[in-house]
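Peer 1:
Residue numbers (this note's numbering): 52 to 408.
1) Let me check one thing: in DSSP terms, what residues is residue 151 bridge-paired to?
2) When the Cα of residue 259 is compared with those of 249, 380, 225 and 338, which residue comes out closest?
3) Just to confirm the assignment, what range does the alpha helix (DSSP H) spanning residue 260 have?
4) Counting beta carbon pairs with one atom in the region 284-292 and one in the region 242-250, are three or more of them shorter than 8 Å?
5) Which term fits residue 268, buried or exposed, when burial requires 16 or more other beta carbons within 10 angstroms of its beta carbon?
6) Any idea if residue 263 is buried or exposed, counting beta-carbon neighbours within 10 angstroms, 16 or more meaning buried?
7) Under a Cβ-count criterion, where at least 16 other Cβ atoms within 10 Å of its own Cβ denotes burial, should residue 159 be classed as buried or exposed?
8) Measure from the alpha carbon of residue 350 to the alpha carbon of each residue in 154, 357, 319 and 402, then state which is nearest.
9) Distance, Cα to Cα, residue 390 vs residue 206?
10) Just verifying my parser: in three-state terms, what is the DSSP assignment at residue 351?
11) From residue 261 to residue 320, what distance separates their C-alpha atoms?
12) Between the beta-carbon of residue 243 and the beta-carbon of residue 332, is there less than 7 Å?
13) Between residue 220 and residue 361, which are expected to be in contact by the criterion C-beta below 8 Å, what is the C-beta distance as a whole number of angstroms?
14) Can you give the Cα-Cα distance for residue 217 and residue 366, rounded to whole angstroms?
15) Between residue 253 and the rest of its own chain, which residues show a CB-CB distance below 8 Å, the 5 nearest in sequence each way excluded?
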């Protein structure tokens, strides 16, 4: 029996055998500690000896684990599993605390706009909406790679083009309707200018502005709409004035104001209105074409205004592809640009025919 006891070895929680140590030597050392304590030695010396003995045993255990990688891996898995269970337990019982600040007040969560992509294009293995709490990625080595530098240069060039497209669109929209207004005032006639086209276009602009502001699009992607709405209102008033129909201004105003608030009563109404706004805006271009075909006179219609409108549509196609990638908005701008080009071609056709006459 005694030989069996002497042959026993200590093991870890994973069952790792430790190196054979002399049990008799350990007992002798502990006995000497006990005898020395009885002989009146200081408790500090006794505790130091115990610490040395335990540290020696711990060191031997670590050396044994280093030699046995399989057992070391098992212990690591046990630690990870225990941590995972502890985290799961915390979430089951205390996860509600994350919704409150240190003062006990409920946090107000701010939802990111829908146009922000789920996956981040700047931090690997994370998202823009939820960033891993334990992620600590050093991007410095990646930035030194040639491929990364080329990507950053391309992104910088893309940002510059995006800024140029945004600001040039805003600048064009500042004076978009001024040539048309100047032509009406100079001729003191609205012949060839379709009131229906202006009203339909105004309705489409109002829906687009309401849609993009409601879904919190970047302001630079729709800041031109208030400018174009104001200019369209002025043009409508000029056309009504020269046609002697100013009394119709009030009913039109009531309809547009009511529609501005009605389309946001439900999100599906707003989404449907945005889809229909493409049809409405296309109808406005077709109404202008019909007016030109009927009068065969394009003297009061400004080709400059329609040319600027074509450029703004092309610029917005680019900015939409670079930012929100909203298919509905993209289709709208493509259709508008094609119809604007058609109107310009019709204007130039009738002007050329009149010069030949």
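Glycine is no exception: its CB is placed at the ideal position from the N, C-alpha and C atoms.
Just so it is clear, the structure is predicted and the values come from calculations on it, not from any experiment.
Peer 2: Reading from the atomic positions:
1) Residue mapping note: residue 151 aligns to position 100 of the chain shown, counting from 1. Answer by DSSP bridge pairing, in chain order: 157.
2) Looking up residue 259 in the chain shown gives position 208. Comparing Cα positions, the closest option is 380.
3) Locating residue 260 in the chain shown gives position 209, counting from the first residue. Looking at the DSSP string, the run of the alpha helix (DSSP H) that includes residue 260 is 246-265.
4) yes
5) Locating residue 268 in the chain shown gives position 217, counting from the first residue. It counts as buried.
6) By 1-based counting over the chain shown, the position of residue 263 is 212. Per the 10 Å Cβ criterion, buried.
7) Translated into the one-based positions of the chain shown, residue 159 becomes position 108. Exposed, since its Cβ has fewer than 16 Cβ neighbours within 10 Å.
8) Counting from 1 along the chain shown, the entry for residue 350 is found at position 299. For residue 350, the closest of 154, 357, 319 and 402 by C-alpha to C-alpha distance is 402.
9) Mapped onto the chain shown, residue 390 falls at position 339. Mapped onto the chain shown, residue 206 falls at position 155. Computed Cα separation, rounded: 32 Å.
10) Here residue 351 is taken as the residue at index 300 of the chain shown, counted from 1. Residue 351 falls in the coil class under three-state DSSP.
11) Stepping through the chain shown from its first residue, residue 261 is reached at position 210. Stepping through the chain shown from its first residue, residue 320 is reached at position 269. So the two alpha carbons sit approximately 12 Å from each other.
12) Taking the first residue of the chain shown as position 1, residue 243 is located at position 192. Taking the first residue of the chain shown as position 1, residue 332 is located at position 281. No, the pair does not count as a contact, with Cβ atoms beyond the cut-off.
13) The sequence position of residue 220 within the chain shown is 169, counting from 1. The sequence position of residue 361 within the chain shown is 310, counting from 1. Their Cβ separation, rounded to whole angstroms, is 12 Å, which puts residue 220 and residue 361 out of contact at 8 Å.
14) The count along the chain shown starts at 1 and reaches residue 217 at position 166. The count along the chain shown starts at 1 and reaches residue 366 at position 315. The alpha-carbon atoms of residue 217 and residue 366 are separated by roughly 7 Å.
15) Residue 253 sits at position 202 when you count from the first residue of the chain shown. Within the same chain, residue 253 has close Cβ partners 280, 283, 284, 287 and 307.
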